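Asker: Structure below; questions to follow.
Numbering (my numbering), first residue to last: -18 to 434.
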């Protein structure tokens, strides 16, 4: 269905909503799915109020995404996550229209400006992928993987070839991770089916992981970045407290129990031991397997298994079982440290708070910062040094993010929103200093409450 069809369907929905009357926002907010007496879930999309209670579990992007926006305006994430609007408009037709949401004048200008920026990006062709770029990314991954093996096969299994294999396979893993990231965001192909198929294949065969598990976690992060209880990336309280609110809440919980499971005031120190080195070898390794089994994602499990079989067939004949296992774990630790420092530098030092229902621009900028551009930073971070632009436009191919950055910065300046740009080194340092600050907040609150008790 073409653009004319979209306008027709939108007009029909608007007519239906108008006939049902205007619903105030305080009424919409009550239908957030959390009330025992009425667990219904309403969403506002382009001014229309939809009841998505029955459809939540059918949502292709996962039920939690809809639940995170229940009782709120989801117009901007709806646009940001769906590159093919004519297709998703058909889904809206099947949803129950409750009425029309009252207009919020205080948000109209910022939302309209972001909509205009997206329109400009579309006219500039910034949502069009450069297939040669992604071909080179794939060549890089395959080259690193094969060269690590051929180097050891030709020169023998010595310390030099072992270290080279660990470094090269870790590089292949990280760069494959940046590539799958774009596929997962539907940024490479115009076909959602092709993106999803290639994503599952790349995640399984080249990384030994589940594409569906990644989507389940990462889409939530993008929908509500740094929002407590909604963003999986900041559900860290078992080991770390981040931001200013989480430490206080954990202090209250710990004080009520009379003890704390972790010495959070030292978290900026033990982060180096149990944070970056162990995220992939322990947590991700377990969770991707757990997800596949509990969700019955057997194809993901099969594709993941092919990676481990290939790795074993490559290296066990050269190293034996135990040295191959050591090589694998060394690779995973290197990959984990690389990924974690990059991924956390954009978010952990930023605001971490409970859901305030902010507009898309304010929400993303509150939780995100950029790192300076250079050819090395682009390669090392997989262009996530343009994390702000990536969060504003998650379906935009990463090689185009730098082109929209000046316009995004100007838009932030117009609305008085802080646009943070850091060096790579200072971004890494900020992770540690923010952990130290949050740990101190917890320490002060915890012992103050213990003293009162």
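We put the CB at the ideal spot given by N, CA and C, even for glycine. All values derive from a computational prediction rather than experimental measurement.
#1: Can you tell me which of the three DSSP states residue 65 falls into?
#2: Could you check the C-alpha separation between residue 185 and residue 327 for me, to the nearest Å?
#3: Does residue 116 pass the burial test, meaning 16 or more other C-beta atoms within 10 Å, or should it be called exposed?
#4: Could you say if the region 103 to 123 and the region 379 to 393 meet the contact criterion of at least three C-beta pairs nearer than 8 Å?
#5: What residues in its chain sit with their C-beta under 6 Å from that of residue -17, if we drop five residues either side in the sequence?
#6: Just to check my reading of the structure: residue 421 and residue 246 have Cβ atoms closer than 8 Å, yes? What is that Cβ distance to the nearest angstrom?
#7: Taking residue 440 as the reference, give the member of 271, 181 and 66 with the closest Cα.
#8: Could you check the C-alpha separation between residue 400 and residue 340 for me, to the nearest Å?
#9: What did DSSP end up calling residue 404 once you bin it into helix, strand or coil?
#10: With distances taken between CB atoms, is the gap from residue 305 to residue 296 smaller than 8 Å?
#11: Which residues in the same chain as residue -11 place their Cβ atom closer than 8 Å to its Cβ, once the five residues preceding and following it in sequence are excluded?
#12: Is it buried or exposed, residue 152, if we count other Cβ atoms within 10 angstroms and call 16 or more buried?
#13: What are the complete alpha helix (DSSP H) segments, minimum 4 residues, inside the region 167 to 193?
#14: I need the straight-line Cα distance from residue 34 to residue 158, nearest angstrom please.
#15: Which same chain residues end up closer than 6 Å to residue 56 when comparing Cβ atoms and leaving out the 5 residues on each side of it in sequence?
#16: Buried or exposed, going by whether 16 or more other CB atoms sit within 10 Å of the CB of residue 127?
#17: So if DSSP puts residue 82 in a beta bridge, which residue, or which two residues, is it bridged to?
#18: Would residue 312 and residue 147 be called neighbours here (beta carbons separated by less than 8 Å)?
#19: Can you name, in chain order, every residue of its own chain whose Cβ lies under 6 Å from the Cβ of residue 360, other than the five neighbours on each side?
#20: Thinking residue 431 and residue 236 are a contact (beta carbons under 8 Å), I'd like their distance in whole angstroms, please.
#21: Does the distance from the CB of residue 334 to the CB of residue 196 come in under 8 Å?
#22: Taking the beta carbon of residue 188 as the centre, do at least 16 other beta carbons fall within 10 Å, making it buried, or is it exposed?
#23: I'd like the ranges of any beta strand (DSSP E) spanning at least 3 consecutive residues and lying wholly in the region 225 to 266.
#24: If residue 61 and residue 375 are in contact, beta carbons under 8 Å, what's the gap, nearest whole angstrom?
#25: For the candidate residues 301, 81 and 396, whose alpha-carbon lies nearest to that of residue 2?
#26: Grab the span of the beta strand (DSSP E) containing residue 345 for me, first residue to last.
#27: Counting C-beta neighbours from all protein chains within 10 Å, is the total for residue 357 16 or more, i.e. buried, or is it exposed?
#28: Since residue 337 is in the alpha helix (DSSP H), which residue starts that stretch and which ends it?
#29: According to DSSP, is residue 274 part of a helix, a strand, or is it coil?
#30: Does the beta-carbon distance from residue 48 to residue 68 come in below 8 Å?
#31: Consult DSSP for residue 428 and reduce its assignment to one of helix, strand or coil.
#32: Using the beta-carbon count (16 or more within 10 Å), is residue 71 buried or exposed?
#33: Classify residue 436 as helix, strand or coil using the three-state DSSP reduction.
#34: Helix, strand or coil for residue 50, going by three-state DSSP, please let me know.
#35: Pick from 59, 12, 351 and 387: whose alpha carbon is nearest that of residue 41?
#36: Mark residue 133 as exposed unless 16 or more other C-beta atoms lie within 10 angstroms of its C-beta, in which case mark it buried.
Answerer: In terms of the structure at hand:
#1: coil
#2: Cα to Cα, residue 185 sits roughly 27 Å from residue 327.
#3: It is exposed - the Cβ of residue 116 has fewer than 16 other Cβ atoms within 10 Å.
#4: yes
#5: Unreliable placement is indicated for residue -17, whose pLDDT of 41 sits below 50; the coordinate value is still reported in the next sentence. There are no such residues.
#6: 6 Å
#7: Absent from the structure is residue 440, since the part of the chain shown begins at -18 and ends at 434.
#8: 16 Å
#9: coil
#10: yes
#11: Low confidence applies here, because residue -11 scores a pLDDT of 49, under 50, leaving its location unreliable; read the following figure in that light. Cβ within range, chain order: n/a, list empty.
#12: buried
#13: If we require 4 residues or more, the alpha helix (DSSP H) runs fully inside the region 167 to 193 come out as 173 to 182.
#14: So the two alpha carbons sit approximately 34 Å from each other.
#15: 26 and 27
#16: exposed
#17: 4
#18: yes
#19: none
#20: The pair is a contact, with the Cβ atoms about 5 Å apart (cut-off 8 Å).
#21: no
#22: buried
#23: none
#24: 6 Å
#25: 81
#26: From DSSP, residue 345 is part of no beta strand (DSSP E) but of the alpha helix (DSSP H) over 341 to 348.
#27: exposed
#28: That residue, residue 337, is in no alpha helix (DSSP H); it is neither H nor E in DSSP.
#29: helix
#30: no
#31: helix
#32: exposed
#33: Missing from the structure shown is residue 436; the chain here goes from -18 to 434 and no further.
#34: coil
#35: 59
#36: buried
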